[in-house]
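Enquirer: 146 is the number that full-length UniProt numbering gives the last residue of the sequence shown; the numbers go up by one with no jumps. We put the beta carbon where it would ideally sit given N, CA and C, even for glycine.
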Amino acid sequence: MADSASGRICVFCEIVKGERPAHIVLDVPDALAFLDTRPLFKGHTLLVPRTHYETLPDLPAELLAPYFGQAQRLAAAMESVLGAAGSFVAMNNRISQSVPHLHVHVVPRNRKDGLRGFFWPRQKYDSDAEAADYATRLATALRESA
């Protein structure tokens, strides 16, 4: 799907359609979650609705509870599977929204992890295999908790 404002192809829609590779963490009828390619911390996951909605106000009211229910499950998995002390759950609407497709960031957090305010140092996975391992661990926990 093209972004109506710019006419650009939506990267997240391509991931949803399987046209662009991603490390899938959660695959349910109305949403898809995958690892961020530029994670704040390893395990940083993006949750997107399968249908293209640009911002939270665009999401139909009947999808709010199911969508944020999946965000809640991802936040729990950060702690149970990755051993995080907690999580950071956030979204941007237009401003600082790098891809104009609604998405929630679910990021594992630990005390003194270096995340302060809005200065967020990015990390890289050591390899594609390491990223695949994080995705698999989270996906397994989410399937088991369904």
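1) At which residue ranges does the UniProt domain "HIT" (11-116) contain complete beta strand (DSSP E) runs of 3 or more residues, listed in the order of the chain?
2) Taking Asp-30 and Pro-66 to be in contact with their CB atoms under 8 Å, please state how far apart those CB atoms are, rounded to whole angstroms.
3) Evaluate Gln-123 with the Cβ neighbour count: other Cβ atoms within 10 Å of its Cβ, from every protein chain shown; 16 or more gives buried, anything less gives exposed.
4) State yes or no: is the C-beta of Leu-47 nearer than 7 Å to some heavy atom of the ligand NAP?
5) Between Ala-135 and Lys-112, what straight-line distance do the alpha-carbon atoms span, to the nearest angstrom?
6) State the Cα-Cα distance for the pair Val-28 and Thr-45, rounded to the nearest angstrom.
7) Taking C-beta to C-beta, are Leu-142 and Leu-26 nearer than 8 Å?
8) Tell me, to the nearest whole angstrom, how far the beta carbon of Val-89 is from that of Ala-61; I am working on the premise that it is less than 8 Å.
9) Out of curiosity, what's the CA-to-CA distance linking Val-107 and Leu-32?
Expert: Reading from the atomic positions:
1) Counting only runs of 3 or more, we get 24-28, 31-35, 45-49, 86-90 and 104-109.
2) 6 Å between Cβ atoms; contact.
3) Result: exposed.
4) For the ligand NAP, the structure offers nothing, since it holds no ligand at all.
5) Rounded to whole angstroms, Ala-135 to Lys-112 spans 24 Å at the Cα level.
6) In this structure, the straight-line span from the alpha carbon of Val-28 to that of Thr-45 is close to 15 Å.
7) Yes, Cβ-Cβ distance for Leu-142 and Leu-26 is below 8 Å.
8) The Cβ separation is near 20 Å, so there is no contact.
9) So the two alpha carbons sit approximately 16 Å from each other.
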